[in-house]
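Trainee: So the protein sequences, as listed, match chains A and B. Sequential numbering of the first sequence, starting at 1, is according to this note's numbering. Sequential numbering of the second sequence, starting at 1001, is according to this note's numbering.
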Amino acid sequence: MSVTTVLRDDVRNTRRSFVVLGVIAVLTVFVGLIVGSDASAHDYPYRALFDVSFFFFLALPLIITPLTYLAVAGDRDSGAIKHALGLPNTRAEYLTAKYISRSAVAVAGILVALVVGFVVATVAYPNAPDPVRFLKFGAVSALFALSMTGIFVAISSMTKARSRAMFGVITAYFVLGPFWLGFLPVVNLGTIIDTVTSTLGVTLTDQTMGLIQSLSPTVAYLQSTEFVYAGVLDNHEMIARNFQGDEYYTKLWFNSLVMGAWAAVTLGIGYVRFRVAELG
Amino acid sequence: MQCGVLVTSMGAIETTTLRKEFGDVRAVDDLDLTVEQGEVFGFLGHNGAGKSTTINMLLGFLSPTAGEIEVLGHDVTEESRAVRQRTGLLPEGYEPYPNLTGREHVESAIDAKGADDDPDELLERVGLAPEAARRKAKGYSTGMQQRMSLAVALVGEPDLLIFDEPSSGLDPEGVALLREIIQTETERGATVFFSSHILDEVEKVCDRVGILSHGELVAVDTIDNLRSELQAGATVSATLETVPDDLGLDGIDAVRSVTVEDQVVTAECTDPRAKMRVLRALDDRATVADIGIEDASLEALFDQFTGDEVTAPDETAAEATESPPEQAVAPDGGDR
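1. Using a Cβ-Cβ distance under 8 Å, would A:His83 count as near chain B?
2. Taking the C-alpha atoms as reference points, what is the distance between A:Ile151 and A:Leu181?
3. Please report whether the beta-carbon of B:Tyr1097 lies at a distance below 8 Å from any beta-carbon of chain A.
4. A:Arg16 versus chain B: which residues are under 9 Å apart at the beta carbon?
5. List the endpoints of the continuous beta strand (DSSP E) containing B:Ile1013.
6. Given a limit of 9 Å on CB to CB distance, which residues of the segment 49 to 73 of chain A reach chain B?
7. Between which two residues does the beta strand (DSSP E) carrying B:Asp1032 extend?
8. Can you give me the Cβ contacts of A:Val19 inside the same chain, cut-off strictly under 7 Å, excluding the 5 residues immediately before and after it?
9. Are any of the Cβ atoms in chain A nearer than 8 Å to that of B:Tyr1094?
10. Helix, strand or coil: how does DSSP classify A:Thr197 here?
11. What is the DSSP secondary structure of B:Ala1132, reduced to helix, strand or coil?
12. Pull out every residue of the segment 242 to 264 of chain A whose Cβ sits closer than 7 Å to any Cβ of chain B, in chain order.
13. B:Phe1305: which of B:Ala1234, B:Met1144, B:Thr1242 and B:Gly1215 sits nearest, CA to CA?
14. Going along the chain, which residues of its own chain have a beta-carbon closer than 6 Å to the beta-carbon of B:Gly1067, five neighbours each way excluded?
15. In the DSSP assignment, find the unbroken alpha helix (DSSP H) run with B:Ile1181 in it and report its ends.
16. By DSSP, does A:Tyr44 sit in helix, in strand, or in coil?
17. Note down, in chain order, every chain A residue with its Cβ under 9 Å from the Cβ of B:Ser1063.
18. Skipping 5 residues on each side, what residues in its chain have a beta carbon closer than 7 Å to that of B:Arg1134?
19. Hey, does A:Leu21 have any beta-carbon neighbour from chain B nearer than 8 Å?
20. Please list, in chain order, all residues of the same chain as A:Thr250 whose beta carbon is under 6 Å from its beta carbon, the five residues on each side excluded.
21. Are A:Lys82 and B:Tyr1094 touching if we call contact CB-CB under 8 Å?
22. Indicate the three-state DSSP secondary structure (helix, strand or coil) for B:His1074 in the structure shown.
23. Between which two residues does the alpha helix (DSSP H) containing B:Gly1169 stretch?
24. Can you tell me which of the three DSSP states B:Phe1061 falls into?
25. Any beta carbon of chain B sitting closer than 8 Å to that of A:Ser156?
26. Who are the neighbours of B:Asp1111 on chain A, taking C-beta pairs under 7 Å?
27. I need the straight-line Cα distance from A:Leu279 to B:Phe1061, nearest angstrom please.
28. Rounded to a whole number of angstroms, what is the C-alpha to C-alpha distance between A:Ala97 and A:Leu143?
29. My understanding is that A:Asp38 touches A:Asp51, with C-beta atoms under 8 Å, so please give their C-beta distance in whole angstroms.
30. Excluding the five sequence neighbours on either side, which residues of its own chain have a C-beta within less than 8 Å of the C-beta of A:Gly210, listed in chain order?
31. I'd like the list of long-range same chain contacts for B:Asp1164, defined as Cβ closer than 7 Å, with 5 residues on each side in sequence excluded.
32. Quick check: the Cα distance between B:Val1083 and B:His1074, rounded to an integer number of angstroms?
33. Relative to the C-alpha of B:Ala1300, which residue among B:Ile1223, B:Thr1142 and B:Ala1286 is closest?
34. Could you tell me the alpha carbon to alpha carbon distance between B:Lys1136 and B:Pro1119, rounded to whole angstroms?
35. Quick one: does B:Arg1019 have its CB under 8 Å from some CB of chain A?
36. Taking C-beta pairs closer than 7 Å, name the residues in chain B that A:Thr90 reaches, listed in chain order.
Rendered as structure tokens:
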């Protein structure tokens, strides 16, 4: 009962700000543009989903940042948390409601964007879009959104100042995304592991490196999209190059588990900290 | 005001050697405090004295460094939800949810407490107009926000009301309404814990006061008893038609000094209860044309209790007569 009370308040409060509109609008515009522009170069809409997946991988965490980093820290900073927790709501209920509320907006943004993308694809491509592929893509993208929202809300719950929450969320984005996947030149997870293993005089197998790479929610997301292209990978070498290997850590179940675990574990840690946080 | 149906021997709030430290700073220092059910208890102190820290611990917002807190029979550290179910809070210095209306804040409290209050009735009771109650709270003035918070606090007829600086931002009409609400709530048996530095307000509504200074509770009693304890007393002045040679005041122990100027006799009393004896003695010996009575104000008492140097009762009483109350403490109670 209390979860629904806090949830309703948070949804109302967030819905009436520009954040919700902004997140949905940005996702929708970009997905529509990607799908539309890809039509001039490709015959099949699923090729556009591949580009959208990289857009989500790189930009979705940043787009949901304003939605998430103040989820708890903002209330603590303004003192509004005294309204919710001065009532008989527990901190667990409060945090749960915040996560559900912010996740719902992120997932809604993805779904709206993909619906628009589907409509654009229907009009712009010579071959009709496959709704099952869009549904599959929507499902794993929603899971990615749930994962990143969980991480960011957890960080928000561990901080009481807006600036720290922002710093924490941006740091998490760079570490789990560009740094982990090796987008950052010179210093990234791969170079650091190389340095450490060289110093210790040990060698990691490709499988071990692959497993480590797959432990990031962003990498897990990219790998999890493989099942969207079931049956067409042989025709698209460029897409297929991203899904090589048949190890367990490349499977959908493992990638889903990684994304879910990141949300669950970080929210768990966030709750443990928030449960005893000083709210004065 | 102690006429509630819930009055029992159990305290509404009981703290035992309650302590809160922030690093090297001891914000609350071994606080032993009992607030009886059904009373209006004034919690006084300068800014930074530890009032809000204490309130935050009463509600489970802060964990005590040491000591115990029981509120309405519940251990706050273990059962803060049960405490908050039966408590109405008007917090100090917080911002409401900017995009929720005042009415929605009250609805939120009604839902969370499982109460069956009518939000419109509560909002009307605190004087928040219906059109204002349907506006987003981010446009509220401080006074409107206080009224909304008061309505939230009143949801579910709580057994304990905790008001942290409730008069802040209220206009005189709002302050009078607040007094009326406190009166009504105590009549139905609620306990009111009233933290404020507006001493005039506290004096008007509180049965007892506790004075906090540098985290320590330096005094707890009724205001009259605090006056007696400090021998702060009162001043009685009487205008006599003819001043007799013998005023008959020598036999009254509590009279510290007597001065006569023109036809006005002024007697300084160390005990406020001596006022009537002074007046009767004068009335027996002369025709009293006019009288004036001035009790030592709560501000003067507050200043004496929270002074940096502890002074003996005789000395403090002397200081009380030498220093007018309005000079003894800043009206806004700010840090000095």
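We put the CB at the ideal spot given by N, CA and C, even for glycine.
Mentor: Well, looking at it:
1. Judged by the 8 Å Cβ criterion, A:His83 is in contact with chain B.
2. Cα to Cα, A:Ile151 sits roughly 18 Å from A:Leu181.
3. The beta carbon of B:Tyr1097 falls within 8 Å of a beta carbon belonging to chain A, placing the residue at that interface.
4. Within chain B, the C-beta atoms nearer than 9 Å to that of A:Arg16 come from Pro1098, Asn1099, Leu1100 and Lys1136, in chain order.
5. It spans Gly1011 to Phe1022 - the beta strand (DSSP E) in which B:Ile1013 sits, taken as one unbroken run.
6. Of all residues in the segment 49 to 73 of chain A, none has a Cβ within less than 9 Å of some Cβ in chain B.
7. Per DSSP, B:Asp1032 belongs to the beta strand (DSSP E) from Val1025 to Glu1036.
8. Excluding positions up to five away in sequence, the list reads Pro66 and Leu67.
9. At least one CB atom of chain A sits nearer than 8 Å to the CB of B:Tyr1094.
10. Looking at A:Thr197 - three-state DSSP - the assignment turns out to be helix.
11. When secondary structure is reduced to three states using DSSP, B:Ala1132 falls in the helix class.
12. From the segment 242 to 264 of chain A, no residue has a Cβ closer than 7 Å to chain B.
13. Comparing Cα-Cα distances from B:Phe1305 to each of B:Ala1234, B:Met1144, B:Thr1242 and B:Gly1215, the minimum goes to B:Gly1215.
14. The answer, listed in chain order, is Thr1016, Thr1017, Leu1018 and Arg1019.
15. Taken as a continuous stretch (DSSP letters only), the alpha helix (DSSP H) holding B:Ile1181 covers Pro1172 to Glu1187.
16. In the displayed model, A:Tyr44 falls within coil according to three-state DSSP, outside both helix and strand.
17. Neighbours of B:Ser1063 across chain A, judged by C-beta separation under 9 Å: Val276 and Glu278.
18. Leaving aside the five residues that flank B:Arg1134 on each side, the residues in its chain whose CB is nearer than 7 Å to its CB run, in chain order, Thr1101 and Arg1103.
19. Not one chain B Cβ lies under 8 Å of A:Leu21.
20. So the list reads Gln223, once near-sequence residues are dropped.
21. For A:Lys82 and B:Tyr1094, yes; Cβs fall inside 8 Å.
22. Judged by DSSP in its simplified three-state form, B:His1074 adopts strand.
23. From DSSP, B:Gly1169 is part of no alpha helix (DSSP H); its letter is neither H nor E.
24. Coil, per DSSP.
25. Cβ-Cβ to chain B under 8 Å: no for A:Ser156.
26. Chain A residues near B:Asp1111: Thr5.
27. Looking at the two C-alpha atoms, the distance is approximately 5 Å.
28. C-alpha separation (whole angstroms): 18 Å.
29. Contact holds; Cβ gap of about 6 Å.
30. Cβ within range, chain order: Gly245, Glu247, Tyr249 and Thr250.
31. Correct list, in chain order: Ser1052, Ile1055, Leu1090, Pro1091, Glu1092 and Ser1195.
32. The straight-line gap from Cα to Cα measures roughly 7 Å.
33. Among B:Ile1223, B:Thr1142 and B:Ala1286, the Cα nearest to that of B:Ala1300 is on B:Ile1223.
34. Across the structure, B:Lys1136 and B:Pro1119 are spaced so that their CA atoms are roughly 16 Å apart.
35. No, B:Arg1019 does not count as interfacial toward chain A.
36. What A:Thr90 touches in chain B: Arg1081.
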